Structure formats: C-alpha cells, structure tokens
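Undergrad: Using the working numbering, count along the sequence shown one by one with no gaps and you end on 315. Each residue gets a CB set at the ideal place from its N, CA and C atoms; glycine is no exception. This structure is a prediction, so every number in the text was calculated from the model and none was measured. I am attaching a structure below and will ask some questions about it afterwards.
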Amino acid sequence: MVCLLLAVVQGSTLSAIVDTVENPELANVFVFAVVDPQGYKLMGTVERNDMMSFVAQFDDEERQRLATREVSINFEPLVVTVLEDTPLAQLHMFFLTNRLRYAFVTRQGVPVGLITREMLATELRRQHHMV
Numbered sequence: 185m186v187c188l189l190l191a192v193v194q195g196s197t198l199s200a201i202v203d204t205v206e207n208p209e210l211a212n213v214f215v216f217a218v219v220d221p222q223g224y225k226l227m228g229t230v231e232r233n234d235m236m237s238f239v240a241q242f243d244d245e246e247r248q249r250l251a252t253r254e255v256s257i258n259f260e261p262l263v264v265t266v267l268e269d270t271p272l273a274q275l276h277m278f279f280l281t282n283r284l285r286y287a288f289v290t291r292q293g294v295p296v297g298l299i300t301r302e303m304l305a306t307e308l309r310r311q312h313h314m315v
C-alpha cells in the first residue's frame, strides 16, 4: 500500500534538483522527502511547486555556472510520519483526526515510503470487500 518514496538530499547540487523537477517520469509526484545526507533521516518535505519555483529563479546561464554547486532548498520541517507496521484502522483514524493528505512511512527514522489519503481509502475499500 505504500508508494515509492522520492527524496531530495539536503545539500544536493543544483543540477540534481533541476533534473528531479524536470524529469517527466516524476511529473505526478507532489511532495518529496528532504533527507539528511549522512544518515538519510527525514528532515522535512518540499512540495513540487516549491521546487519548481526554486529552479525557475535560475536562468540557463546560472544553471550552467552553478550546476555542480551544493544548494539548500527551503523545506517544511514539520513532517507527519507513521511506522511501517501501523495498523490500518489506526492509520484511518490518524488521517481523519488530523485531516492529512499524506504521511511518510519510516523505519528507524529513515523514510521508506509515502502513504496518501487516496491510497488509504483504496485499501480500506479493498479490505471491506474481502470481508
């Protein structure tokens, strides 16, 4: 039920961020995890629109000049996480109570996936029909 996690490592090069934002295969990804480069611990999130705005501030000449430089992208430090073995009923209540759109799934503090409200609803319907 958990979807593939896509992460941006804090301190990535500008070209890596540009490649991520401009990759057509990632066009439907709306949020990225921001992880610490040492332990890959979850630091926060950055939404696709914010990454696009960040990239848009550089013209082609600046992109060429700064391509291999490490850059820091602003991110939202508040992240909702759940453990990978959280029961479905508990997830459901957690999403309802907190009006969540998504939550990151972690294992020992390291993000391993993302679960969205839509994914949770689909799984609940699937399990309901199995009963």
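To which residues of the same chain is V263 closer than 7 Å at the C-beta, ignoring the five residues directly before and after it?
TA: L226, G228, T229, F288
Undergrad: Helix, strand or coil for Q311 per DSSP?
TA: helix
Undergrad: When you compare the region 239 to 249 with the region 198 to 209, are there three or more beta-carbon pairs, one atom per stretch, that lie closer than 8 Å?
TA: Counting Cβ pairs under 8 Å, three or more are found: they touch.
Undergrad: Jot down the residue ranges of each uninterrupted alpha helix (DSSP H) in the region 235 to 262, minimum 4 residues, whole runs only, in chain order.
TA: The region 235 to 262 contains these whole alpha helix (DSSP H) runs: 244 to 250.
Undergrad: Got a sec? Which residues, its chain only, sit under 7 Å from L304 by beta carbon, not counting five neighbours each side?
TA: L275, H276, F279
Undergrad: Could you tell me if L298 is buried or exposed, where buried requires 16 or more neighbouring beta carbons within 10 angstroms of its beta carbon?
TA: buried
Undergrad: Using DSSP with H/G/I as helix, E/B as strand and the rest coil, what is A200?
TA: helix
Undergrad: Look up Q302 in the DSSP assignment and say whether it is helix, strand or coil.
TA: It should be noted that the sequence gives Glu, not Gln, for residue 302. Helix, per DSSP.
Undergrad: For the alpha helix (DSSP H) that F278 lies in, which residues bound it at each end?
TA: Boundaries of the alpha helix (DSSP H) harbouring F278: 272 to 282, taken from the DSSP string.
Undergrad: Measure from the alpha carbon of R283 to the alpha carbon of each residue in A273, R301, S256, then state which is nearest.
TA: R301
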